[in-house]
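Chemist:
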Amino acid sequence: MEEKKFDPNSLIGFILIFGILLWIMYQNKPSDAELAAEKAKKELVVKGSKTQENAAKISSVSGTVNDSLQLAQLQKSLGSFAYSATLPSAKDEFTTIENKLVKLTIANKGGYIVEATLKDFERSKKGSGQLVQLIKDNNAQFNLQLATADNHTLNTKELYFEPTLTKNGEDQILTMKLKASENAYLAYKYVLKANDYMLDFDIQTQGLNTILKTNKPLQLEWDFKTYANEKSVSYENRYSELYFEYEDGKKDYLGQGHDKTETVDEVSYVAYKQHFFSSILLTEQPFKTVELYSNNLVNDTDKDTIFTKQFKTVVPLAFKNGEIDQKMNWYYGPTDYKLLKSYDRNLEDIVALGWGIFGWINRYLFIPAYGFLSMFISQGWAIVLFTILVKLVMSPVTYKSFLSQAKMKVLRPEITEIGEKYKDEPMKKQQETMKLYNKAGVNPMAGCVPGLLQMPVFYALFQLFPALIQLRHKGFLWADDLSSFDSVYKLPFHIPAYGDHVSLFPILASIAIFFYMKMTTGDQQMATPQQEGMPDMAKMMKIMVYISPLMMLFFFNSYASGLSLYYFISNTITIGIMLVIKNYIIDSDKIHAEIQENKKKEPKKQSKFQQRLQEAMEQQEAMKAQRKKK
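1 is the number of the first residue of the sequence shown in the UniProt record's numbering; add one for each residue after it.
(1) Report the three-state DSSP secondary structure of Lys213 (helix, strand or coil).
(2) Could you work out which residue in Thr117, Glu414, Lys518, Ile324 is closest to Thr572 when comparing CA atoms only?
(3) Taking the straight line between their C-alpha atoms, what separation do you get for Leu403 and Ile469?
(4) Taking just the CA atoms, how far does Gln204 sit from Asp248?
(5) I'd like to know if the segment 201-220 and the segment 141-154 are in contact, where contact means that at least 3 CB-CB pairs between them fall below 8 Å.
(6) Are Tyr185 and Asn108 close, meaning C-beta to C-beta below 7 Å?
(7) If I measure Cβ to Cβ from Pro496 and keep anything under 7 Å in the same chain, skipping five residues before and after, which residues do I get?
(8) Cβ atoms of Asn329 and Phe201: under 7 Å apart, would you say?
(9) According to DSSP, which residues form a beta bridge with Trp222?
(10) Please report the residue range of the beta strand (DSSP E) in which Gln130 lies.
(11) Confirm, please, whether the CB-CB distance from Phe465 to Leu563 is below 7 Å.
(12) Whose C-alpha, out of Arg238, Gln130, Asp480, is nearest the C-alpha of Asn299?
(13) Can you tell me where the beta strand (DSSP E) with Asn183 in it begins and where it stops?
(14) Do Met578 and Ser510 count as a contact pair if the criterion is CB distance below 7 Å?
(15) Give me the Cβ distance between Leu104 and Lys119, rounded to the nearest whole Å; I'm assuming they're in contact under 8 Å.
(16) Could you check whether the Cβ of Ser181 sits closer than 6 Å to any heavy atom belonging to the ligand ATP?
(17) Mind the definition here: the segment 248-262 touches the segment 150-166 only if three or more C-beta pairs lie below 8 Å; say whether that holds.
(18) Tell me where the beta strand (DSSP E) around Ala271 begins and ends.
(19) What are the boundary residues of the beta strand (DSSP E) that Met328 is part of?
(20) What does a CB cutoff of less than 6 Å around Ala116 pick up in its chain, not counting 5 residues either side in sequence?
(21) Quick check on DSSP: helix, strand or coil for Met375?
(22) Tell me, please, which residues DSSP counts as bridged to Ser342.
(23) Taking only the alpha-carbon atoms, compute the straight-line gap between Glu348 and Arg363 and give it to the nearest angstrom.
(24) Which residues does DSSP pair with Thr205 in a beta bridge?
(25) Please say whether Ser84 and Leu178 have beta carbons closer to each other than 7 Å?
(26) Could you tell me the boundaries of the alpha helix (DSSP H) in which Thr574 lies?
(27) Pull up the DSSP beta-bridge partners for Val290, would you.
(28) Work out the CA separation of Ser401 and Ile575 for me, nearest whole Å.
(29) Per DSSP, Asn155 forms a beta bridge with which residues?
(30) How many Å lie between Met427 and Phe244 at the Cα?
(31) Residues in the same chain with beta-carbon distance under 6 Å from Ala527, minus the five sequence neighbours each way, listed in chain order, please.
(32) Could you give the first and the last residue of the continuous beta strand (DSSP E) run that contains Glu98?
(33) Whole angstroms are fine: how far does the CA of Phe515 sit from the CA of Ser558?
(34) From Trp355, Val102, Thr398, Leu339, pick the residue whose C-alpha is nearest to that of Gly371; which is it?
(35) Just checking my contact of Leu317 with Leu220 at CB under 8 Å: how many whole Å lie between their CB atoms?
(36) Compare the Cα-Cα distances from residue 633 to each of Leu192, Asp150, Phe94 and report the closest residue.
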């Protein structure tokens, strides 16, 4: 039998093969970073859930966390909330809830509303097809700042929420969860009802008492830049303000201007009002402390045409028993007085109707009256009819004013005579004039009182028409929108304080005011005796006849044409009433006869005010006589 010999070539082959295997094993050895990522992955699985389902979920997220190194980095930057980034919902996707009135789009990233569209309202001009969007293109952000137990500071606007959309009858319920694990999360709950601009909004936590620092409040931040939706940016901006209710029913606003700030306690709602539309955050349990900020973004109306105001609200949300449960509401809708009042949350107070008696007149008289008229006729004709009714109601006051002027006009020769007789004794002249008034039964102040009575009505209506959303996009005659200016000609240049267009209703109103002031100023000058200092006063009144209409023309050129229409109709009717009273009602001869008859009677007993005034003048005259003797 042949003896086998040692084959050196075979040994060399085995050594080479073994070396190659060692080299391959060395090259495929995991790096330190990969070993750390694998360890973090296992820890995340154990912390979130120890089930095979969660392990498979984490290992299969190729679209969000596509390798172990990224997972380790998330663990380092997000801590416990890295789990939320491993879910399939960690994508830039959106969920929509809507009804017949409003459409709301909520993003997975941040869990907040990124689009709010009002379906019944169009921007700027009716027929444009562009619906009013209170939120779009990242003009609003909602954020909670989280302080975690592992010393991370996180912002929810940068984290991904998991959406769950359900229905309860006609109610749509959207729950957005920011998860630290399957059973530990922060949730936003949105509930949108049918045919309602108001939705429920709750912030809740579960199982985060060991993950978050519960001894430190969560900081809620609501940032908002209001879009310009109307034809006149400057006019819209004038009525865009931050309103709030605090301390069980008190209302206030932050005001116009740049970088306005205020800290307020016990706040029940914050409203970002942009003239005809508002975004409002309400809370059932008042916020203990709120920091508010407002900034005007319109510095140049020719350039700053996208946004009007920037608003910000900061609220600390305190933990109770280690958790957060804050029940709130959102309102995205029109600034409609009746609609806001129907919620019975004092929201109608954000509609600027004037303070004190002016607001009272609008709320309880003018809004019901105008609302009733506009139910049957168009908005333009409703303004005309409403103006006629107001002037008819105020006509007795106008009559009293003219009657007083007529009486003063009859007494003017006698007052002039007294002035000549006592021209060197001003005090004596005043005393004798007062005696004549008392003897003739004429009150020189009677002409002022009617004018004072009309002032609350004038100011109330000045506040009312810009606040009526019913006028928006409603046309009348040549005006296509009674809530904005009625441009009939576009100027090729810009006039400071006037604009780059010509509005017709302000021109008509200015003409009516000119003739009204011309008539009343002439009658007052004829009725009022010439006294010391009066030439200057008469000159000033003549100047005002021309200045007032000019101011009206400039001031109202960019204002709502509905308001200019009211003033045009109002002053035209007043001129007509004045002509009727002057020519057909007031008889100067009859008034003269009555005054002469009153002179024969015993003078009327002076009022306490007149007595005190008479005594003061007599004392002053006596002191003057004593000084002359010395």
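All C-beta atoms in this analysis are idealised placements derived from N, C-alpha and C, irrespective of residue type, glycine included. Bear in mind that the values here come from a model prediction, so they are computed numbers and not experimental data.
Modeler: Once the coordinates are examined:
(1) Lys213: coil per DSSP, three-state reduction.
(2) Residue Lys518 is the option with its Cα nearest to Thr572.
(3) Leu403 and Ile469: Cα-Cα distance of roughly 40 Å.
(4) The C-alpha of Gln204 is placed about 25 Å away from the C-alpha of Asp248.
(5) Short answer: they touch.
(6) The answer is no: Cβ separation not under 7 Å.
(7) Result list for Pro496: empty, nothing under 7 Å.
(8) In this structure, Asn329 lies closer than 7 Å to Phe201 by Cβ.
(9) Phe142, Thr313, per the DSSP bridge assignment.
(10) First-last for Gln130: undefined, no H or E at that position.
(11) The Cβ-Cβ distance between Leu563 and Phe465 falls below 7 Å.
(12) Ranked by how close their Cα comes to the Cα of Asn299, the residues Arg238, Gln130, Asp480 have Arg238 in first place.
(13) That residue, Asn183, is in no beta strand (DSSP E); it is neither H nor E in DSSP.
(14) Between Ser510 and Met578, the CB-CB gap reaches or exceeds 7 Å.
(15) With a Cβ gap of about 11 Å, Leu104 and Lys119 do not count as contacting.
(16) The ligand ATP is not among the ligands present in this structure, which contains no ligands whatsoever.
(17) Inter-segment contact for the segment 248-262 and the segment 150-166 is absent: fewer than three beta-carbon pairs are separated by less than 8 Å.
(18) First-last of the beta strand (DSSP E) with Ala271: 260-274.
(19) Note, Met328: beta strand (DSSP E), 325-334.
(20) Cβ within range, chain order: Leu104, Leu134, Ile135, Tyr332.
(21) It is coil, neither helix nor strand.
(22) The partner list for Ser342 (beta bridge, DSSP) is empty, contrary to what the question assumes.
(23) One Cα belongs to Glu348, the other to Arg363, and the distance between them is close to 10 Å.
(24) Answer is Leu186.
(25) Yes.
(26) Following the DSSP letters along the chain, one finds Thr574 inside the alpha helix (DSSP H) bounded by residues 561-580.
(27) Answer by DSSP bridge pairing, in chain order: Val264.
(28) So the two alpha carbons sit approximately 14 Å from each other.
(29) According to DSSP, Asn155 bridges with Gln145.
(30) Near 55 Å, if we compare the C-alpha coordinates of Phe244 and Met427.
(31) Residue confidence is low: Ala527 scores 46 on pLDDT, short of 50, so the model does not pin down where it sits. Its coordinate-derived value is still stated next. Gln405, Met408, Lys409.
(32) In this chain, the beta strand (DSSP E) harbouring Glu98 covers 94-98.
(33) Rounded to whole angstroms, Ser558 to Phe515 spans 23 Å at the Cα level.
(34) Proximity to Gly371 across Trp355, Val102, Thr398, Leu339 peaks at Leu339, based on C-alpha coordinates.
(35) That pair is a contact at about 6 Å.
(36) Residue coverage of the chain in this structure runs from 1 to 630, which leaves residue 633 outside it and unanswerable.
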